[in-house]
Structure formats: structure tokens, C-alpha cells
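K.L.:
Quick note on the working numbering: the sequence shown kicks off at 4 and runs consecutively. Cβ atoms here follow ideal geometry from the backbone N, Cα and C, with glycine treated the same way. These numbers were taken from a predicted model, which means no experiment stands behind them.
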Amino acid sequence: MELAALAKELPVIRSLGADLVAISPELPDNTLTMAEKHAIPIDILSDATSEVLKKYRLWFAVPAEVKALYLEKFGINLEKYNGAGRWELPVPATYVLDKDGIVRAGQADPDYTVRMEPAEVVAAVREIGNRR
Numbered sequence: 004m005e006l007a008a009l010a011k012e013l014p015v016i017r018s019l020g021a022d023l024v025a026i027s028p029e030l031p032d033n034t035l036t037m038a039e040k041h042a043i044p045i046d047i048l049s050d051a052t053s054e055v056l057k058k059y060r061l062w063f064a065v066p067a068e069v070k071a072l073y074l075e076k077f078g079i080n081l082e083k084y085n086g087a088g089r090w091e092l093p094v095p096a097t098y099v100l101d102k103d104g105i106v107r108a109g110q111a112d113p114d115y116t117v118r119m120e121p122a123e124v125v126a127a128v129r130e131i132g133n134r135r
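This is the structure:
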């Protein structure tokens, strides 16, 4: 799980004067359950309406064949998990912002296996600190 890997770097990130925040389309109770289950010490914000995801174009509708796979093989009903009849998934994305809210590094890819590595996040935070 990507958040767990990032959480391991949290002490270093915080020592550099930064913090981590995650945004999830899951309903608040599901977000809390996931954070507790995996002991993730990161603030996870619930974007249950997908407003943020849609604003940044970081979502996609789940195709019918994938929907069937989720229901039949994994027993996951995104419509209930994410709420209000939506079969959508977020595009996995990581952004490193400076104190002014300017994106200094990032990665977004619909392929969930393509992610910004935690070491890259730490390096980006260090680079921001070196610019001051």
C-alpha cells in the first residue's frame, strides 16, 4: 500500500518542515477504517463527492467488464464504498507542493503500478527546503 510506504518516511518529511495529506473518494467511515486497519498516521481527507478528483481530472469511470470483476472476484461494490451510485476510481497521484501551494514535483498515472517512490517524495521535499 502506497500510503503505508509514505508513512514510513513521515518522520523524515516532518523533520524537513513538511507534512503528508491524502485525499480519497471513499466515504468518511471507509476512509477512517482503512487508516486504522493499516495504522496510517497520515491525515486522509474524504472527497466523497469526487469534487477534488474531478477538478484535477484525476478520476475515471470503471468500465463494465472491470465492474463485474470487482463485484464477482473481489466482492467490492464501489457504488456503496465510494457512495451515491458512482463506479469511479481515482487516478493514483502524488504531488509535492511548496509553502505557497506551487507544485514542485508530481506523478499521476492511471496505471496504479506507476507511482512516485517515497524516496522521490523525500528528495523533492529536500529540494524545496534547499531553495529557501
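Taking Cβ positions, are residue 9 and residue 128 nearer each other than 8 Å?
P.N.:
Taking 8 Å as the Cβ cut-off, residue 9 and residue 128 do not qualify as a contacting pair.
K.L.:
Using 8 Å for Cβ pairs, my map puts residue 121 next to residue 94. What's the rounded Cβ distance?
P.N.:
About 19 Å; that fails the 8 Å criterion.
K.L.:
Could you check where the alpha helix (DSSP H) with residue 18 kicks off and where it finishes?
P.N.:
Looking at the DSSP string, the run of the alpha helix (DSSP H) that includes residue 18 is 13-18.
K.L.:
In terms of residues, what are the limits of the beta strand (DSSP E) holding residue 107?
P.N.:
Where residue 107 is concerned, the enclosing beta strand (DSSP E) stretches over 106-111.
K.L.:
Any idea what DSSP makes of residue 52, helix, strand or coil?
P.N.:
Coil, per DSSP.
K.L.:
Taking all protein chains shown into account, decide if residue 2 is buried (16 or more other Cβ within 10 angstroms of its Cβ) or exposed.
P.N.:
Any property of residue 2 remains undetermined from this structure, which presents the chain solely from 4 to 135.
K.L.:
Taking 6 Å as the limit between beta carbons, can you name the residues of its chain near residue 47, skipping five residues before and five after?
P.N.:
Same-chain partners within the cutoff: 25, 27, 34 and 38.
K.L.:
Taking the C-alpha atoms as reference points, what is the distance between residue 77 and residue 115?
P.N.:
If I take the Cα positions, the gap works out to 17 Å.
K.L.:
What does the Cβ neighbour count give for residue 50, buried or exposed, with the cut at 16 atoms within 10 Å?
P.N.:
Classification of residue 50: buried, given that the 10 Å Cβ count is 16 or more.
K.L.:
The alpha helix (DSSP H) that contains residue 72, what's its start and end?
P.N.:
Taken as a continuous stretch (DSSP letters only), the alpha helix (DSSP H) holding residue 72 covers 67-72.
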